[in-house]
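UniProt numbering puts the first residue of the sequence shown at 1, with every later residue one more than the last.
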Amino acid sequence: MATLLYRLGRASLRRRRLVAVVWLVVLVGLGLAAATLKGPTASNFTMPGTESQKAIDLLADRFPAASGATGTIAVKAPQDGALTTPAGQAVVGQLTQEAATLPGVVGAVDPYQARALTPDGRYALIQVQFAGRADDVTAEQRDAYEKVGAQAEAQGWQVAPGGEVLNAEPEVGSTEAIGVLVAAVVLIITFGSLVAAGMTMLNALIGVGVGMAGLFALSGAVELTSTAPILALMLGLAVGIDYSLFITSRHRQNLLDGLSPEEAVGRAVGTAGSAVVFAGATVVVALAGLAVVGIPFLTVMGLAAAGTVTVAVLVAITLAPALLGFAGRKVLPRKLRNREAVADPGTGSEDRSGFGFRWAHWVTRFRIPVILVGLLGLGLLAIPAQDMRLALPDASAAAEGTPARVSNDLIQEGFGPGFTGRLAVVVTADSPQATQAAVPQVTALIQKTDGVLAVAPPQLDPSGRTALLGVIPKTGPTDEATETVVHDIREQVGGIQNAEVLLTGVTAIGIDVSEKLSDALPVYLLLVVGLSVLLLMLVFRSILVPVKAALGFLLTVAATFGITVAVFQQGHLADLVGLDTPAPLVSFLPILLIGILFGLAMDYEVFLVSRMREDYVHGDTARQATINGMGHGARVVTAAALIMISVFGGFVFLEDPIIKSMGFALAIGVAIDAFVVRMTIVPAVMSLLNNAAWWLPRWLNRILPNVDVEGEGLRAHLAEREPAEVR
């Protein structure tokens, strides 16, 4: 692989104009396709095979009027008893009529008829039924819905439209640009050259542009969840910058060692590029592996992110060499551009006085205390993870001041938390008579279930074979007690004869999704850990190095979960990340985090340990090889980690709680894995293992294919050629 990439790098530099034009054409072409073919994203999370999803599908078939999105308008009168006066009734009647005539609305329920009033006569709820799903509601229809009640508010009434219809695609604004700016500063400091930093950033942005344009072009044919493009953007930016950084750093090193630009870029792509391809492949495999879980929206999210990572790798090994060809020796700091290249410590990479070498000497010297402190610290950080709860976020977790949050708070103020997480029970049978006979039985069983506040009268479809009952629990949608209520209701109505009874609603769907994801988490974690051991065994020809890497990954995951739970679920230091209300973690965050952090952890493992193996194979002692690997890789890995932390951290400033928690968890995970695990615990363990770290049974060595990530084959190929041209 290294030799093939070496030739690809040289060819990309020689034909740099053609390569640049091809990528520009691809970018423009996909951009035009995205503009014309882009489809809407979905904010709902479907889960085939669950009872709640089966009920939704049944309603869409037999009771389409009740299968669309719902809205709830919370109304608060100026004083107690106002709703019982003729004037108050007139105001509410006008509000109901106004809501019923909104575009996209099929009807609104009068709160007096539904008895959706508080005993004090101050609060009322107007239920609004839309024709389409929440994803089908247009921005214009949503805006009109949010503006309901302007006349009533002018009279001192508080009107707060809310409900699932307000679920909209999270917007990516200017706040995440902060992360990109920080990444640019890190590049400038690392390279000491505006040209090198700008070229690396340009390379990454082109890759992100191509990846996102391709993703949006496909969105017309494939339904994307609203978070999928955000996740793809996060990863595309982070790995795009990092992969270009690794190749550019090795190219600059080669230039300082006296190689011509063409030879320097060829060897950079052959060595660092091999690591980039392997690291990118691990990310792609981990993300594509989400399909194994069998959850459609998670599969789409994983494949979308995997696509942008694939593009980032292709851009790094083709466009980056081309841009390096345009830049020439300007990628070096100004004071080194005109210096005759000589391979000595003054110009080459063999300067052993840098921080990386000093840190490696210290870590290997005090390896036992370092390992113990590292394990104890990460163990303490992981403690909150044992209390982790998963759920799909409801409006109570939305940012304060948003329409959904205002409505949610007003409903809880007047009616209690259960009214914000209504359940829906579908009763269906082969005949209207069987349905009518089953409904009273179902109602009675639900009413006597602990945790149920009320059961609304049934609504029948035109055929009379399907009935819909509203159930109001005593607790909120993400409350643990509500989860118990859902299971208890299903158990209570499971014995109804001659009719099928299904429990659904946004709250029930969220519970079903979270439980299925929780069940899939251990399986996926085992898959990822097993994959990491196998892949690293291929790369490093060792048993203990892959096992050590997998255990380090588990430490990273546990500590990251612990910190994320402490901040987002328990509320510690929540103000620092702009979190208004602590809540359970979004149900798909842990499994996504495992997939993404696995790939990124393998990045740093490969870039650091491959140099250790390279020096060990060439005769260094195991301890010295460990020091060399850290010394040469620490600066680049530090810069790469800071860039990823900056990019992911930029998304913490978004209001959407899902995106905020994803950005935070990824930033924390990268920080822990890069600085605590890979750059501290790993060299300490490697020096402790000594020669045993590189042991591999002969029979296993014979059957394992040689992927040659560290470029042994390339060195043999170069040794057969004449000495490289020296400028």
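Think of the CB as a built atom: it goes at the ideal place given N, C-alpha and C, for glycine as much as any other residue.
Inclusion of PHE415 and LEU83 in the CB contact set at 8 Å is not warranted, their separation being larger than that value.
For the pair LEU58 and THR428, the CB atoms are nearer than the 8 Å cut-off. Contact between the region 285-294 and the region 516-528 is present: three or more C-beta pairs spanning the two stretches fall below 8 Å. According to DSSP, residue pairing for GLU500 in a beta bridge involves THR428. In this model, LEU245 and LYS330 are separated by some 15 Å (Cα to Cα). By the criterion of a C-beta distance shorter than 7 Å, ALA144 is surrounded in its chain by LEU102, PRO103, once the five residues flanking it on both sides are discounted. Taking 4 residues as the shortest admissible run, the region 76-104 contains the following complete alpha helix (DSSP H) segments, listed from N- to C-terminal end: 86-100. Between GLN253 and the set TYR243, ARG16, ARG267, GLY240, the nearest pair of CA atoms involves ARG267.
Contact check between the region 202-218 and the region 26-43: three or more CB pairs, one atom from each, fall below 8 Å, which counts as touching. For the pair of segments examined, the region 311-319 was found to touch the region 1-15: the number of CB pairs separated by less than 8 Å reaches three.
The Cβ neighbour count for SER463, taken over all protein chains shown within 10 Å, is under 16; the residue is labelled exposed. Annotation note: the region 129-164 contains the following uninterrupted alpha helix (DSSP H) runs of length 4 or greater, listed N- to C-terminal: 139-146, 150-154. If you draw a straight line from the Cα of LEU255 to the Cα of GLY562, it is about 44 Å long. When DSSP reads this structure, TYR123 sits in a beta bridge with LYS76. When only Cα atoms are considered, VAL186 and ALA20 end up about 25 Å apart. When the five nearest sequence neighbours on each side are left out, the beta carbons in the same chain lying within less than 7 Å of the beta carbon of VAL547 are those of VAL533, in order along the chain. Listed in chain order, the non-local C-beta contacts of PHE357 below 6 Å within the same chain comprise GLY631, local neighbours out to five positions each way being set aside. Per DSSP, the continuous alpha helix (DSSP H) segment holding ALA550 begins and ends at 544-564. Around the Cβ of ASN203, a 10 Å sphere holds 16 or more other Cβ atoms; the residue is buried. Going by C-alpha positions, ASP242 is about 9 Å away from MET201.
If you draw a straight line from the Cα of GLY552 to the Cα of LEU375, it comes to about 10 Å. For the pair of segments examined, the region 618-634 was found not to touch the region 297-310: the number of CB pairs separated by less than 8 Å stays below three.
As the crow flies, the alpha-carbon of SER661 is around 9 Å from that of LEU579. Within the same chain, Cβ atoms closer than 8 Å to the Cβ of GLN89 are found at LEU83, TYR112, the five residues on either side in sequence being excluded.
DSSP assignment within the region 209-284 yields the following whole alpha helix (DSSP H) runs of 4 residues or more, N-terminal first: 228-256. PRO582 and GLY571 do touch by the CB rule: their CB atoms are close to 4 Å apart, below 8 Å. Rounded to whole angstroms, the separation of the alpha carbons of PHE419 and GLY163 is 11 Å. Bridge partners of GLN459 according to DSSP: LEU468. The three-state secondary structure of ALA108, taken from DSSP, is strand.
Contact annotation, PRO473 with LEU502: C-beta distance approximately 17 Å; criterion of less than 8 Å not satisfied. For THR118, no alpha helix (DSSP H) segment is defined, and its DSSP state is neither H nor E.
Separation of VAL182 and MET644 (C-alpha to C-alpha, rounded to the nearest whole angstrom) is 10 Å. The C-beta of LYS76 has 16 or more other C-beta atoms within 10 Å across all chains shown, which makes the residue buried. Positions of the alpha helix (DSSP H) runs, each at least 4 residues long and wholly inside the region 379-444, are given as 403-414 in order along the chain.
In terms of CA proximity to ARG133, LEU166 leads the group GLU153, LEU166, LEU527, THR466.
Under the three-state reduction of DSSP, THR70 is assigned to strand.
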